[in-house]
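The block underneath contains the structure these notes are about, expressed in structure tokens.
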């Protein structure tokens, strides 16, 4: 496998290409069998209109499932709820994590302790954690209302007031992912060449300026990565709702997310084709958002390039 | 029990001594053919030898009860009594086409063996090939107690069978199940039943679905009938009727009638019996005795009384405008649980045969109007974040709640001090129908015939009076047999826990909910609309009309897969 | 070092935020720990009982005895170790191919892989069960490990990291006659240790806590993992909160220990570059 530095010669190029696939083989094998294959199968099922699920026999194909989906008020609600959640939770949780990462990255004591603490939710099973949260948020005997009472705040029906569902899910998203995102940000921060900061300090740049002109641009790829993964994560919100609201999609369906909808259709209603169609739509939405994010990044990079070349 | 057994054993011994040992001069045959003996040790080595065959020539009742593995039963009692012709006939039949060495097994190796030897000699069998087991079966069973079997009909010996049973029981429920299963295996040593917990009910149903798709269904599974209907429709479930009616292993007419009819009906589709009832409970009205007494309210028995009581019992102690103690708390999901009120209003939620919802009809309207009245009075609420309706009751935040009797163990252990909880049947209206629910155990149409038979034997055992009584005594469930009330174990529990009696007393008023394919989805569509009504977000007529449309759609959708 | 009042105030604010965050994060855990030793009667009391009237260790004994703990523990460890090592190998190799090697359709393939992340895992459960049943792997460790033996997410993460390593290293290594594989494992992986440790940790946590798949892919108790035991404490009629919390804490403890152990590397990686704000 040894190659010389004449990497441009055609035979070596061929070897390189062949080699790349060898490197990819183990991962691709697993992904193809356990992800791509079932995804394709499931997407196909979205077009079954009359079939035997067990025997895999299809008697009729069509777009009925998609048509029904578009007419289903619940699905529209699920999309609305999920979009709202993504729009609020993703930027907020990234911003909060970045704040904490930068603070942790400064010269402070007990950094290790803080970092360990922030990471705790992430090493915990979401099921157990959601149970504790639901219980702390209980209107009558929850901890949160008991604490608020000290400050003279009236009882809040956190879990039964539909308007409270979104804030709770946002807080939970921040809470759960804080430690993880902080770690990713720290890894990114560590990648920034300290000479930038030294130079900036020599120029007398203030902390704020240093953050906006060095840290943030340098963290670009990390922010990009986190924004994609967080949005995808938010779009897949399900466990928290399922456990916290006792297997209900929140009060008056205020916590009905797209994945909840799919799960409900598939496992509870056994409407396999409807669930498949819905997951296809979810896929398209997330794909569109990701492409959009990619597009934005390209544009920004282009803009930066022009500015620096000017 | 032990004493009776040992007495019986003694009796058998004495009888066999009398039969084989003692000489009864009157029955002496004139010329006895010579006998050649074989020791039990030698005979044991020939058990698997295809050149030898064992004839158990004792009375049919005895050889049927216990014999040497693989032995053929040929009753020579008549021959021993002097009827030589009968003996010859039996031996002719036994040796038809047989060219093997015969080992005769009687009680002690004397008179029955002599009679058989004479008969064999008389019909011209090669006498060099006939042996008698020394000391007979008595000696054999003393020496090799492991090498005896239970009922072995003639030449077949039951093969070892393994069964897998998927369930969703945990804690005391699972322990009780395991105990019954262990007892079963002790009684049927050739059947091994493995209990496999598959998480909660939803996990179990998910897993069954995956298993059905992959052709990996277990032999037995716990399942609700509204889930089972789909599997029945797909032809994946074993019809138990032939087993139930089998004269040997089936149920007697008396047994069948001992199961409450509604439990049996819940397992029957068309002419087929596709499950047996297992863990059942009843929907009851739990109440806080102290609160009712204090407010001077009697336990409600009609809808009107209930609404009134609920209103009276609701209290806003801190004066913030929101009640802190609610009159009545309902479980979160009124979709499948709405059935009793609709039934009490003289109707049905759905047509279980066609799957047609009756959501926009009068009885439903009456039921919802009644319940909504309590909600709009702010005298009732859903369990909501408490998850189970009994939780606020146990903590003094509710005066009454509607919940299952299966919550009893939790109420016993987790109720705050000073609170006394009791229960009553649901208050009645036009009728006083009462809702019962719970799972059945089904046998999937998988595996060998022997497994299916064994699965039936297990189900029969699981639902036998003694065992269902034991299960009910240990858990919050009720027995699936009427006769269980006179079982001493369960009777003692009933005497101690009167709340359990309520579920037993109302069996004849009981019914179980809808189960047609798509009914879960349709009732959920109804439940969604009801929530909007109770929250004051939607008016009743529009909601029920929408529920009817959505419900019908849900049923149609469910039927195309 | 002398600090200006402004710097002091900033520092104070920093600590205030960090501590507030810590309290926010810790609250549920403190509550869990307290509940796990409460007697049943105090679990659902209102107003909430903070400090149990007596510490009831019995809850832990009960939780421990409710399931065959050591069998579950053994399976949890085995499965987690297998999944994590498989994942590391497959993702490191794949990420290297994406970051360093050229091949036709690279971007398209990468996009395809990223696209799989957008599908909710819930719908893959049953098809994967069917696939594994066809392979005859149900109720084996293989079935518990195979679907999770790689992770697109980790490939994504590692690719970003590998791509940030300057090409000059690669060229230098090449000039020294170093093969790709050796370069990958002697230069790139050590240089990316924080990321590699992070993805390993992520995987450890995920597989350790995973509930539905181990339950679906196995049948017998002998093959079950610890989180499956969680279901034992809740039934449709009620939940034993104190024992549930005790059991949850017993499950969480090992992952916290693993985190605390690996954290060293992450911090080390951060401090090595001498970053001081």
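Residue numbers (the numbering used here), protein chains in the order written: chain A, 17 to 326; chain B, 20 to 580; chain C, 351 to 627. Cβ coordinates follow ideal geometry from the N, Cα and C atoms, glycine included.
Think of a sphere of 7 angstroms around the beta carbon of residue 231(B): the chain A residues whose beta carbon falls inside it are 70, in chain order. Residues of the segment 383 to 416 of chain B with a C-beta atom less than 7 angstroms from some C-beta of chain A are 403, 404, 406, 416, listed in chain order. Residue contact with chain B for residue 519(C): absent (no Cβ-Cβ distance below 7 angstroms to any residue of chain B). Between the alpha carbons of residue 136(B) and residue 286(B) lies a distance of about 55 angstroms. At a Cβ-Cβ threshold of 7 angstroms, residue 245(B) and residue 534(B) count as neighbours.
Taken in chain order, the complete alpha helix (DSSP H) segments of 4 residues or longer contained in the segment 116 to 197 of chain A are 127 to 135, 142 to 152, 159 to 166. In the structure shown, residue 353(B) falls within a helical segment according to DSSP collapsed to helix, strand and coil. By the rule that beta-carbons nearer than 7 angstroms mark a contact, residue 219(B) touches chain C. Membership of residue 122(B) in any alpha helix (DSSP H) is not indicated; the residue belongs instead to the beta strand (DSSP E) covering 120 to 124. The Cβ atoms of residue 457(B) and residue 354(B) do not sit closer than 7 angstroms to each other. It is roughly 33 angstroms from the alpha-carbon of residue 559(C) to the alpha-carbon of residue 122(A). With distances taken between CA atoms, residue 535(C) lies nearest to 443(C) out of 443(C), 399(C), 357(C). The beta-carbon of residue 576(B) is placed less than 7 angstroms from the nearest beta-carbon of chain A.
Against chain A, the CB of residue 290(B) has no partner CB under 7 angstroms away; the residue lies outside that interface.
Taking all protein chains in view, the Cβ of residue 56(A) is surrounded by fewer than 16 other Cβ atoms within 10 Å, so the residue is classified as exposed. For the segment 223 to 266 of chain B, the continuous beta strand (DSSP E) assignments of 3+ residues that do not extend past its boundaries occur at 239 to 242, in sequence order. Taking every protein chain shown into account, the CB of residue 228(A) has fewer than 16 other CB atoms within 10 angstroms, so this residue is exposed. Setting aside the 5 residues that flank it on each side, residue 226(A) is surrounded in the same chain by 213, 216, each with a C-beta closer than 7 angstroms to its C-beta; the list follows chain order. Residue state for residue 73(A) is assigned as strand, using DSSP reduced to three classes. Pairwise C-beta distances place the segment 51 to 69 of chain B in contact with the segment 127 to 142 of chain B, as three or more of them are shorter than 8 angstroms.
Bounds of the alpha helix (DSSP H) holding residue 159(B) are 155 to 162. Sequence-distant partners of residue 480(B) (beyond 5 residues in either direction) whose C-beta falls short of 7 angstroms from its own C-beta, in its chain, are 203, 486. The shortest C-alpha to C-alpha distance from residue 259(A) to any of 249(A), 271(A), 248(A) is the one to 271(A). Chain-ordered, the chain C residues with CB closer than 7 angstroms to the CB of residue 207(A) read 514. Non-local C-beta neighbours of residue 512(C) in its own chain, meaning closer than 7 angstroms and more than five positions away in sequence, comprise 445, 446, 449, 450, 538, 542, ordered along the chain. Under a criterion of Cβ atoms nearer than 8 angstroms, the residues of chain C adjacent to residue 194(A) are, in order, 371, 375.
In this chain, the beta strand (DSSP E) harbouring residue 441(B) covers 440 to 443. Proximity of chain B to residue 73(A) at the Cβ level (cut-off 9 angstroms) is not reached, the minimal Cβ distance being about 11 angstroms. Here residue 325(B) has 319, 446 as same chain residues with Cβ atoms under 6 angstroms from its own Cβ, once five neighbours each way along the sequence are excluded.
By the Cβ-count criterion, residue 362(C) is exposed, with fewer than 16 other Cβ atoms from all chains shown falling within 10 Å of its own Cβ. Annotated three-state conformation of residue 279(B) is coil, per DSSP. DSSP places residue 437(C) in the uninterrupted alpha helix (DSSP H) bounded by 419 to 450. 7 angstroms or more divides the Cβ of residue 54(A) from the Cβ of residue 497(C). The three-state reading of DSSP puts residue 400(B) in strand, counting E and B together. Residue 109(B) carries a helical assignment under DSSP once its states are collapsed to helix, strand and coil.
Residues of chain A with a Cβ closer than 8 angstroms to the Cβ of residue 440(C) are, in chain order, 42, 43, 46.
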